[in-house]
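In what follows, a structure is listed as structure tokens, so that the remarks can point back to it.
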Amino acid sequence: MDEKYYPEKIEEKWQKLWADDRAFEARDDDERPKFYALEMLPYPSGFLHMGHVRNYSIGDALAWYKRLRGFNVLHPIGWDSFGQPAEQAAIKRGIQPRDWTEKNIAHMEGQMRRLGLSYDWSRLIAAHRPDYYKWDQWFFLKMLERGLAYKRTSAVNWCPKEETVLSNEQSSGGICWRCGTQTTKKEIEQWYLRITKYAEQLVKDIDEIESGWPEKVLKRQRDWVGRSEGAYIDFKIKDHDEKIRVFTTRIDTIFGATAIVVAAEHPVLAKVLQDSALKDQVTDFAAQVKAARAIKTEDAAADEEKLGINTGQSAINPFNGELLPIWVANYVLMDYGAGAVMSVPAHDERDFEFAQKYTLPVRQVIAPIVHGQQSEPADQAPGGDQSIEMKNAFTDYGVLVNSGSWSGKLSPDALREMAEHAAEKDFGGPAVTYRLRDWGISRQRFWGAPIPIIYCPDCGMVAVPEKDLPVLLPDNAQFTGTGESPLKGVPEFVNVACPKCGKPAQRETDTMDTFVDSSWYFFRYTDPHNESMPFDSSIATKWTPVDQYIGGDSHAVMHLIYTRFWNKVMRDMGLVNSNEPVKRLLTQGMVTNRVEGTDEFKAMSKSLGNGVDPDDMIEAFGADATRLFVLFAAPVENELRWSETGIEGAVRFLRRVWTMVYRWRAVAGNADVPSADFSDAARALRRKTHQTIARVTVDFEKLDLNTNVAALMELLNALGDFNVDPASASASDVFAAREAIEALVVMLAPYSPHVAEEMWEGLGHAGGLLKDAPWPTADAELAKKDELEIPVQVNGKLRSRVIVAPDISEDELRTIALADAKIQSFIDGQKIVKVIVVPQRLVNVVVK
RNA sequence: GCGAAAGUGGCGGAAUUGGCAGACGCGCCAGACUUAGGAUCUGGUACCGAAAGGUGUGGGGGUUCGAGUCCCCCCUUUCGCACCA
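Letter by letter, the first sequence follows residues 2 to 849 of the numbering used here.
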């Protein structure tokens with residue numbers, strides 16, 4: 002240990018020692034309790050950014066902490082290395098995605114190592130390497146066997162000029178991002194995974210993770226699945242054999258239905274319109290709606306004017322036999338519920354708006370409950386059924402009116418009983434719908450795992466046999482940027498013998514969505530070199546579920562719902578035991594920086610020019626200070642505003658710790674508890690030491706890392722206040738200082754591991770690594786104060802403080818407080834109404 | 001439009017969950033050491049006031065001996081959802 006702190010020197014030293022020692026490799030046969038700390042695996046874009054640094058600093062601090070607490074810690078890292086940017090780079094620069102990706106990985110891995118992150122590098126994985134994506138393909142085949150993977154045609158965004166498929170983002174506003182042509186929808190065949198089969202579990206099992214996941218993420222998961230309880234009702238169509246099925250969550254309002262409205266795509270239209278005079282008109286309208294929808298961005302939909310047309314046909318309300326006109330309208334969607342609704346203008350805002358526009362009758366059938374009593378509907382005689390004036394739809398629950406024999410019932414009862422009635426009479430019944438759609442995984446792209454399917458002219462669609470996996474991506478694809486899968490242009494890839502009959506056949510040229518790779522990667526970490534299975538079930542069961550997962554909340558829906566789905570599939574395959582893959586989730590906040598020339602803080606980005614390069618920070622301040630600052634500057638879930646002066650403060654702190662350790666290093670050797678009494682100053686220091694240990698330990702469990710660092714700073718300040726010269730210190734003073742310093746160094750390790758290791762060595766612990774040191778233990782007795790300063794209030798205002806023994810009785814405390822001269826002067830002749838004594842806390846004298 | 005969360009010094013943020021508001025750091029001010037200081041160290045720093053004291057956690061009301069914390073209304077900001085029947 003040098004006299005001065007030179008980050009670059011010691012950081013390199015310890016990184017090398019850790020690597021040589023393979024210090025952070027987890028062992029499957031370690032008997033200690035396990036802890037799985039995981040950060041979301043990065044995309045190898047080329048450079049680490051500050052968001053990564055924050056993410057990994059949090060994860061690494063936790064991994065270090067758990068290691069020091071005696072856990073067998075698994076802390077792995079890998080690369081989400083399939084995906085679009087590699088293909089874009091290939092198109093732009095005429096290089097192969099593989100070369101671009103590998104180069105980026107090499108560079109970013111160097112950056113990670115310079116940060117000194119304590120990963121188990123022996124478990125590194127990368128999605129684009131065949132030993133990984135082989136198992137994507139294997140899982141696909143297993144899902145195919147289980148009926149969980151299937152192919153169907155569906156509408157995608159299509160640019161008619163370039164003849165290519167576009168993602169939603171690429172056709173934003175209905176305009177092709179490259180050529181500006183108006184895009185259309187096109188039906189193409191795509192592979193899907195049947196995630197909807199798990200919709201119910203994806204909602205229900207939230208109970209299991211409720212305590213460990215952020216509320217807002219759980220809400221978004223629930224919303225995404227969109228479970229909705231209600232009822233189906235079949236409306237017979239007059240003069241036809243057809244029925245229209247409707248889904249509603251408000252069957253209690255069915256007597257208020259004044260129309261049936263169906264989606265433009267509804268198949269029943271063709272049937273009921275066959276002989277209708279209105280056929281052409283309605284068909285034209287439906288076509289217009291479909292065309293408009295194809296070019297609409299999704300967020301514009303809600304603002305769109307409601308449009309409809311009467312088909313001239315009628316449906317029969319099974320509850321009262323009433324005839325309802327059948328309309329087609331743009332606000333009814335084919336892909337939700339049944340693609341048709343009963344329109345109840347009085348009690349649904351959308352139906353109300355629609356009814357106003359087309360002057361459909363509004364009939365109130367739910368009355369609000371006022372003071373526990375039913376009130377009569379306004380402007381309407383009891384029992385009447387005429388259309389009435391309403392200013393808004395009344396959408397709350399209430400009491401049924403104008404609803405035949407159901408009148409007088411409360412909405413919640415009516416919902417249940419009317420659905421049961423529909424079931425008994427066989428025209429409907431209780432039903433649950435979900436917004437969740439099956440997961441389309443086909444991509445007409447090169448840089449992904451090939452879908453292991455072969456099309457044979459004789460045998461049809463044939464799964465690639467397991468023994469033939471992996472289906473390798475070729476090395477020589479051409480990237481034209483037309484949007485066609487580049488694999489189509491590689492005959493060696495496409496042309497293959499049919500595995501069944503041996504005749505010439507063709508491979509599927511679509512590749513998988515990269516979310517497939519990231520759905521199960523953290524299971525692969527548990528057994529990354531397995532050549533016969535994605536992972537050994539018993540090993541994965543030992544390590545999973547993940548104890549703490551850390552990442553950005555941009556993945557609150559997609560990735561996390563896919564990985565929860567995948568976990569459940571793997572459970573049903575017998576590969577894992579748990580229902581949920583992740584016990585605790587932390588969504589860390591963004592790292593922002595001032596945008597040049599403004600007062601605004603925005604996420605660091607190249608285009609805004611407000612990015613900060615981690616390498617520059619490491620060079621200027623060291624990895625330890627960079628990491629420390631990132632964790633100290635804000636609570637982990639908050640936005641983190643970058644500050645150059647802030648990071649200087651972190652360096653300053655580390656330097657002061659260093660100086661303190663250096664001062665005491667020589668005399669800090671004796672670990673025996675001295676027989677002589679501790680001075681007041683030494684007792685105060687020990688109190689602070691033990692209070693800090695207790696506080697840091699609690700805060701770590703809550704991941705309150707910013708207050709944790711503050712506690713360490715306080716401990717250093719207390720050491721500064723302990724104004725004793727090491728050269729002439731008594732044995733008890735040396736002991737107290739040593740205790741504080743060693744605790745400080747060990748507790749600093751999760752934040753700034755290099756400097757902590759160096760100081761630990763400087764304190765005479767040469768030979769062993771700090772990671773094997775024991776976490777300090779808080780002694781509650783030593784942490785106790787030997788006197789308390791109790792605030793004394795008069796009428797709730799602070800007027801004085803008294804110093805008392807911690808074990809003072811309530812009566813004594815009251816007496817001492819009342820005897821206080823200042824308090825006396827404030828009471829001064831007034832009558833004492835009562836005295837509130839909160840033991841250990843405060844006294845409040847109430848006077849009048 | 002609907003829903004949720006959050007508003008605390010010049011700034012990032014603390015506050016044992018109803019009990020001393022502003023821990024810790026940044027910044028700023030003063031001093032020391034220095035040829036020098038964008039280094040280091042010491043002290044100060046919510047606001048008003050010379051002081052006694054008063055005021056203070058977005059605004060207004062309420063509950064309570066006591067409210068940053070609980071309840072009601074309003075304002076602002078951020079995020080999420082967006083015709084989901």
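All C-beta atoms, glycine included, are put in the ideal place defined by N, C-alpha and C.
This one's a predicted model, so the numbers in the text were calculated from it and none came from an experiment.
Does residue i come out as helix, strand or coil in the three-state DSSP assignment?
| i | result |
| --- | --- |
| residue 188 | strand |
| residue 158 | strand |
| residue 512 | strand |
| residue 688 | helix |
| residue 712 | helix |
| residue 112 | helix |
| residue 538 | helix |
| residue 249 | strand |
| residue 777 | coil |
| residue 568 | helix |
| residue 238 | strand |
| residue 703 | helix |
| residue 89 | helix |
| residue 789 | strand |
| residue 282 | helix |
Decide if residue i is buried, meaning its Cβ has at least 16 other Cβ atoms within 10 Å, or exposed.
| i | result |
| --- | --- |
| residue 160 | buried |
| residue 298 | At residue 298, the pLDDT of 49 sits below 50, so the modelled position is not reliable; the number obtained from the coordinates is stated separately. Result: exposed. |
| residue 382 | Note on residue 382: pLDDT 39, under 50, position unreliable in the model; the coordinate value appears next. It is exposed - the Cβ of residue 382 has fewer than 16 other Cβ atoms within 10 Å. |
| residue 12 | buried |
| residue 556 | buried |
| residue 530 | exposed |
| residue 332 | buried |
| residue 662 | buried |
| residue 787 | exposed |
| residue 571 | buried |
| residue 498 | exposed |
| residue 443 | buried |
| residue 807 | exposed |
Within its chain, find whatever has a CB closer than 6 Å to the CB of residue i; leave out the 5 residues flanking it on each side and keep chain order.
| i | result |
| --- | --- |
| residue 316 | 236, 238, 245, 261, 325 and 327 |
| residue 319 | 428 |
| residue 49 | 109, 112 and 615 |
| residue 659 | 6 |
| residue 836 | 815 and 846 |
| residue 596 | 603, 609 and 611 |
| residue 618 | 627 |
Starting from residue i, follow the beta strand (DSSP E) in both directions and report where the run begins and ends.
| i | result |
| --- | --- |
| residue 528 | It is not in any beta strand (DSSP E) - residue 528 carries neither H nor E in the DSSP assignment. |
| residue 461 | 461-464 |
| residue 550 | 547-553 |
| residue 724 | Careful: residue 724 lies outside any beta strand (DSSP E) and carries neither H nor E. |
| residue 456 | 454-457 |
| residue 138 | From DSSP, residue 138 is part of no beta strand (DSSP E) but of the alpha helix (DSSP H) over 131-146. |
| residue 261 | 260-263 |
| residue 803 | 798-805 |
Output needed for residue i: all residues of its chain with C-beta closer than 7 Å, excluding positions within five of it in sequence on either side, in chain order.
| i | result |
| --- | --- |
| residue 370 | 399 and 400 |
| residue 196 | 437, 439, 440 and 566 |
| residue 479 | 487 and 490 |
| residue 357 | none |
| residue 354 | 307 |
| residue 118 | 57 and 61 |
What span of residues does the alpha helix (DSSP H) with residue i cover, start to end?
| i | result |
| --- | --- |
| residue 633 | 624-633 |
| residue 826 | 822-828 |
| residue 658 | 645-665 |
Who are the Cβ neighbours of residue i in its own chain at under 8 Å, not counting the five residues just before and after it?
| i | result |
| --- | --- |
| residue 770 | 18, 19, 22, 24 and 758 |
| residue 612 | 50, 51, 594, 605 and 606 |
| residue 393 | 350 and 353 |
Would you mind listing the beta strand (DSSP E) stretches within the stretch 298-372 that are 3+ residues and don't spill past its ends, in chain order?
-> Counting only runs of 3 or more, we get 309-317, 324-330 and 341-344.
Contained alpha helix (DSSP H) runs [length at least 4] in the stretch 37-74, N- to C-terminal order | Those alpha helix (DSSP H) runs which fall completely within the stretch 37-74 and span 4+ residues are 51-69.
Scan the stretch 186-235 and note each continuous beta strand (DSSP E) run of 3 residues or more that stays entirely inside, going in chain order.
-> Contiguous beta strand (DSSP E) elements confined to the stretch 186-235 do not occur, taking only those with 3 or more residues.
Mind listing, in chain order, the continuous beta strand (DSSP E) runs of no fewer than 3 residues lying wholly within the stretch 585-624?
-> You should have 592-595 and 602-604.
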